[in-house]
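> Same order as they appear, the protein sequences are chains A and B. Every letter in the first sequence is one number past the one before it in this note's numbering, and letter 241, counting from 1, is 231. Every letter in the second sequence is one number past the one before it in this note's numbering, and letter 175, counting from 1, is 224. The C-beta atom is built at its ideal place from N, Cα and C for all residues, glycine as well. All of these numbers come straight from a predicted model, not from anything done at the bench. Okay, handing you the structure first.
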Amino acid sequence: MQRTWAIIERDLRRFRRSPVLVIVSIIMPLVQLVVLGYAFGGKIKNLQVGVVDQDHNVPAVRLQEMFQAVAANARTFNTVAYPDEASALRDLRNGQINGVVDIPPHFSRELLAGASPRLALVEDNTDQFSAATLEGTLGGLLTAYNSPAVPPRLSAVATLSVVEVYPYVPYIQYLLPGTIVLAIFVSAMIGGGIIFIDDKARGLHEGYLVTPIRKFELILGFTLAGAAKAIIAGVVLITLGSLIAGIPDPLNPLRLARMLLLVVATALALISMMFLIMVRISDPLVPRAIFGMLNTVLYFPSGAVYPTGSFPPWMKAIAVVDPFTYAVHGFKELALKNTGLMAISYDLAFLLGFTVLAMTAATLLFRRTL
Amino acid sequence: MFDIEVQNLTRRFGEFTAVDAVSFSVEHGEVFGLLGPNGAGKSTLIRMLTTLLPPTSGTLRVNGFDVVRAPNDVRQSIGVIPQAMTTDLDLSAVENMSFFAKLYGIPREQRRRAIKQLLAEVDLEIWADKPVKMFSGGMRRRLEIARGLVHQPKILFLDEPTTGLDPVSRVSVWEMLSRLKRERDLTILVTTHYMDEADKLCDRIAIVDHGKLVALDSPLKLKAAIPGQNILEASFSAVPAGWTATLEGLPEAAGVKAEDHIFRISSNNGPRTTIALLEAARDAGVTVTSLSVQSTTLDDVFVHYTGHQLRDALQTPSAANSPFLLQRG
């Protein structure tokens, strides 16, 4: 144990003297949290919709009044009147407007005759998010337009009433659990297995491989030293991140304690995974080259940014073995729902089991000789 | 019992045989020098002796322990100063020593005493708490020597301890080694490129070339064993046919080697052969463009056995060749 402690002590001394790397590993995920959180979070506003009214009768005018109401209140879109379809479509293609609503010439007559006239929405579908918002808003608007002013006495329409179990979760809060895991991962990358590779590159390892230290003592030392740094990053993220994301009652001590437990389990799992991946690598450029790829392969399939339900089978398969998945799930439970440890017991068990397996494999693969 | 026993030691890297059936023994208290051109297999040999590389075949015993079967017993009995600088630049001298003392499992009180004493012995005590990145190459080398002795080993291995150091630091490193050896009853195995150092300091010298042991004896005997006590190095404007034979026929000449246009004549009596050489050249109408006479040095021994002074060879890539390796000095 003294030898393991010697490895840990050496690493933490170095860290104390140049903590820049860990600070970077904390700041990067925080920046991502804020930028991504606000980039994807908000409702889309101020779309430009061209309106070509070829009808000009009362029903068409009523429709246009409803458009104005949207423009004035929800501000989802503003309308721009066009005299004819051709000029509206030209502006649509030029990107000046996001969609064109075409009220056909016989719209009012057909409506009054009881036929179902069709309103055309031509949309710029290169931007799926704006297009979906337009469709949604106009769809809702038409439902309101179609409902009779006086409801029939017997209504046989089934309706859905939605009950929200938790307070509204903005996207930035949804992103927070993934960000915590990301910060731990970044520290694991720069503070874990790579330290041994850097030692190899500098020739330092020859110095301690001729001492009677055992493989397991060495690996345990590197793992615990790396985990200590990753835990620091994790602790900063669960507190500062919760404050930035606006989690209700962000500094609830009981929840922070539960999160700390999960931070420790996540740090151990990710550090031992990195050590296993790096155990046979000598070239210090390799880890730097594969970090970006590892990040993508582990972070996105985990459900950190989008629910896993939408993934193709191969990505779901990654999610099943990816420690990120369990860490993200655990932090979601704790941060967004403030659940107890029972809700994350499976996640904790997976992460600790993963740690044991990865450390065992790394010890078996580790070469004590040059 | 010998401190180091090497029998039929062979190491291959794929097709390449780096060390080829080498056998030798080192007695307790000896300073044993390992000489050879770059790529001759010295570092491979020292890495096998220090448990860093498993041998392909042969037996290796250090301090009575089999290197393959009882590596940890070997590690506890040896101090190793590898070729690459292995002190941690971010730590202070004491922290570096302390790190290694802990790896050797030395208890706290003993650790403190040993570090203090060793830093004094290598004249670094006033720099004890300064970060090693502020040290010069010579200071770092001395710190590594102190570090290699922190667990009081019986045998010290040094792989080119003075390469890259300035002449003053070289001398101080060697003086320190001689003193430590006397005071601590050490056996030392050292590789070096500097023949003058080896000549002065080693009790016995092994010359390695192409992975094979080509000569092994004390410096004095090695020098005496090669033909001629003086070496004449001469070059000529243009030489007639049979010139080498003419040179071989000079009085007291013991052998002639021609490399490019330079003739190396070993002689048992330098002055006599020199005068005869000049006369022979005049008679043959050959102009002597350069001539020097030297007494035999270990360099001559080296060249005699290895046949050349410079050898380029491809090596298996290792950390020691990495561009990330911190340069010595």
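I need the boundaries of the beta strand (DSSP E) containing B/Ile311, first residue and last residue.
By 1-based counting over the second sequence, the position of residue 311 of chain B is 262. Unbroken beta strand (DSSP E) run through B/Ile311: 311 to 316.
> If A/Leu252 sits next to A/Ile334, beta carbons under 8 Å apart, how far is it from one beta carbon to the other, in whole angstroms?
Residue numbering aside, residue 252 of chain A sits at position 262 when the first sequence is read from its first letter. Residue numbering aside, residue 334 of chain A sits at position 344 when the first sequence is read from its first letter. Rounded, the Cβ-Cβ distance is 6 Å, consistent with contact.
> Please confirm whether A/Ile(-2) and A/Leu214 have their CB atoms less than 7 Å apart.
By one-based count along the first sequence, residue -2 of chain A stands at place 8. By one-based count along the first sequence, residue 214 of chain A stands at place 224. Contact flag set, yes.
> Whose Cβ in chain B lies nearer than 7 Å to the Cβ of A/Ile203?
Within the first sequence, residue 203 of chain A is the residue found at index 213, counting from 1. Near A/Ile203 (Cβ distances below 7 Å), the residues of chain B are Leu152.
> Spell out the partners DSSP gives A/Tyr72 in its beta bridges.
For the purposes of this step, residue 72 of chain A is taken as the residue at position 82 of the first sequence. DSSP lists A/Val42 as partners of A/Tyr72.
> Exposed or buried, what is A/Tyr158 when buried is set at 16 or more other beta-carbons lying within 10 Å of its beta-carbon?
Residue numbering aside, residue 158 of chain A sits at position 168 when the first sequence is read from its first letter. Exposed, since its Cβ has fewer than 16 Cβ neighbours within 10 Å.
> Check whether chain B comes within 7 Å of A/Gln22, counting only Cβ atoms and requiring the distance to be less than that.
Residue 22 of chain A sits at position 32 when you count from the first residue of the first sequence. By this cut-off, A/Gln22 is not an interface position.
> Identify the contact partners of B/Thr99 in chain A, using a Cβ-Cβ distance below 8 Å as the criterion.
Within the second sequence, the letter at position 50 stands for residue 99 of chain B. Those within 8 Å of B/Thr99 in chain A are Val200.
> Take B/Leu265 as the anchor and find which of B/Asp52, B/Ala67, B/Val71 has the nearest alpha-carbon.
On the second sequence, residue 265 of chain B is found 216 positions in, with the first residue counted as 1. The shortest C-alpha separation from B/Leu265 is found at B/Val71.
> What does the Cβ neighbour count give for B/Gln132, buried or exposed, with the cut at 16 atoms within 10 Å?
The count along the second sequence starts at 1 and reaches residue 132 of chain B at position 83. Under this definition B/Gln132 is a buried residue.
> For A/Asn136, which of A/Leu101, A/Val90, A/Thr127 has the nearest alpha-carbon?
Here residue 136 of chain A refers to the residue found at position 146 of the first sequence. When only C-alpha atoms are compared, the closest one is A/Leu101.
> Can you list the residues of chain D that A/Gly330 reaches, using a CB-CB cut of under 9 Å?
Absence of chain D from the displayed structure is noted, the protein chains being A and B.
> Output needed for B/Asp234: all residues of its chain with C-beta closer than 6 Å, excluding positions within five of it in sequence on either side, in chain order.
Within the second sequence, residue 234 of chain B is the residue found at index 185, counting from 1. There are no such residues.
> So if I threshold CB-CB distances at 7 Å, which residues from the region 103 to 124 of chain B count as touching chain A?
Within the region 103 to 124 of chain B, the residues whose Cβ lies closer than 7 Å to some Cβ of chain A are Pro103, Asn121, Arg124, listed in chain order.
> When the Cα of A/Ala294 is compared with those of A/Phe206, A/Glu323, A/Phe186, A/Arg248, which residue comes out closest?
For the purposes of this step, residue 294 of chain A is taken as the residue at position 304 of the first sequence. Closest option to A/Ala294, Cα to Cα, is A/Glu323.
> Taking the alpha carbon of A/Leu355 as the point to measure from, which residue in A/Pro160, A/Pro107, A/Phe206, A/Val41 has its own alpha carbon closest?
Taking the first residue of the first sequence as 1, we reach residue 355 of chain A at position 365. It is A/Phe206.
> Quick one: complete alpha helix (DSSP H) runs, 4+ long, within the region 136 to 211 of chain A?
For the region 136 to 211 of chain A, whole alpha helix (DSSP H) runs of length 4 or above, ordered along the chain, are 161 to 181, 183 to 192, 194 to 199.
> Can you tell which of A/Gly32, A/Asp74, A/Thr66, A/Ala(-4) has its C-alpha closest to the C-alpha of A/Thr127?
Translated into positions along the first sequence, residue 127 of chain A becomes position 137. Minimum Cα distance to A/Thr127 is reached at A/Thr66.
> Which word fits B/Arg157, buried or exposed, when buried means at least 16 other C-beta atoms lie within 10 angstroms of its C-beta?
Locating residue 157 of chain B in the second sequence gives position 108, counting from the first residue. Label assigned to B/Arg157: exposed.
> Please go through the same chain and pick out, in chain order, the residues whose beta-carbon is closer than 8 Å to the beta-carbon of B/Leu138, but skip the five residues on each side of it.
As a working mapping, residue 138 of chain B is identified with position 89 in the second sequence. So the list reads Pro180, Val181, Lys182, Leu375, once near-sequence residues are dropped.
> Using 6 Å as the cut-off, classify the Cβ of B/Arg190 as near or not near the heavy atoms of the ligand SAM, replying yes or no.
Among the components of this structure there are no ligands whatsoever, and the ligand SAM is therefore not found.
> Going along chain B in order, which residues have a C-beta closer than 7 Å to the C-beta of A/Leu194?
Position 204 of the first sequence holds residue 194 of chain A. The answer, in chain order, is Thr135, Asp137.
> Whose Cβ in chain B lies nearer than 8 Å to the Cβ of A/Thr359?
Working through the first sequence from its first residue, we reach residue 359 of chain A at position 369. Ordered by position in chain B, the residues that pass the 8 Å Cβ test against A/Thr359 are Thr100, Leu101, Leu102, Pro103.
> Does the region 118 to 128 of chain B come within contact of the region 158 to 169 of chain B, defined as at least 3 CB pairs closer than 8 Å?
No contact exists between the region 118 to 128 of chain B and the region 158 to 169 of chain B.
> Can you pull the chain A neighbours of B/Val129, defined as C-beta to C-beta under 7 Å?
As a working mapping, residue 129 of chain B is identified with position 80 in the second sequence. Chain A residues near B/Val129: Val200.
> Let's test the definition: count the other Cβ atoms within 10 Å of the Cβ of A/Val51 and tell me whether it reaches 16, buried, or not, exposed.
Here residue 51 of chain A is taken as the residue at index 61 of the first sequence, counted from 1. A/Val51 comes out exposed.
> Looking at A/Ala365: is its Cβ nearer than 7 Å to the Cβ of A/Ser262?
Only positions -9 to 360 of chain A appear in this structure, which leaves residue 365 of chain A out of reach.
> State buried or exposed for B/Leu327, treating a residue as buried only when at least 16 other CB atoms are found within 10 Å of its CB.
Mapped onto the second sequence, residue 327 of chain B falls at position 278. That one is exposed.
> Mind pulling the chain A residues with CB within less than 8 Å of B/Phe65?
Counting from 1 along the second sequence, the entry for residue 65 of chain B is found at position 16. The premise fails here: B/Phe65 is roughly 16 Å from chain A at the closest Cβ pair, so nothing lies under 8 Å.
> Buried or exposed for A/Gln163, please, with buried defined as at least 16 other CB atoms from any protein chain shown within 10 angstroms of its CB.
Indexing the first sequence from 1 puts residue 163 of chain A at position 173. A/Gln163 should be labelled buried.
> On the DSSP bridge list, what partners appear for B/Thr236?
In the second sequence, counting from the first residue as 1, residue 236 of chain B sits at position 187. Paired residues: B/Ile204.
> Got a sec? Which residues, its chain only, sit under 6 Å from A/Asn88 by beta carbon, not counting five neighbours each side?
Stepping through the first sequence from its first residue, residue 88 of chain A is reached at position 98. Closer than 6 Å at the Cβ level, and outside the excluded window around A/Asn88, lie Leu37, Gln38, Asp114, Ser120.
> Nearest to B/His353 by alpha carbon, out of B/Val257, B/Ala330, B/Thr322?
In the second sequence, counting from the first residue as 1, residue 353 of chain B sits at position 304. Closest by alpha carbon: B/Val257.
> Give, in chain order, every unbroken run of the beta strand (DSSP E) that is at least 3 residues long and sits entirely within the region 95 to 144 of chain B.
With a minimum length of 3 residues, the continuous beta strand (DSSP E) runs that stay inside the region 95 to 144 of chain B are 106 to 111, 127 to 130.
> By the 10 Å Cβ neighbour count, where 16 or more other Cβ atoms means buried, how is B/Phe65 classified, buried or exposed?
Position 16 of the second sequence, counted from the first residue, corresponds to residue 65 of chain B. Looking at its Cβ environment, which holds fewer than 16 other Cβ atoms inside 10 Å, B/Phe65 is exposed.
> Whose C-beta lies closer than 8 Å to the C-beta of A/Lys306 among residues of the same chain, with five residues either side of it excluded?
For the purposes of this step, residue 306 of chain A is taken as the residue at position 316 of the first sequence. Here the set comprises Pro291, Thr298.
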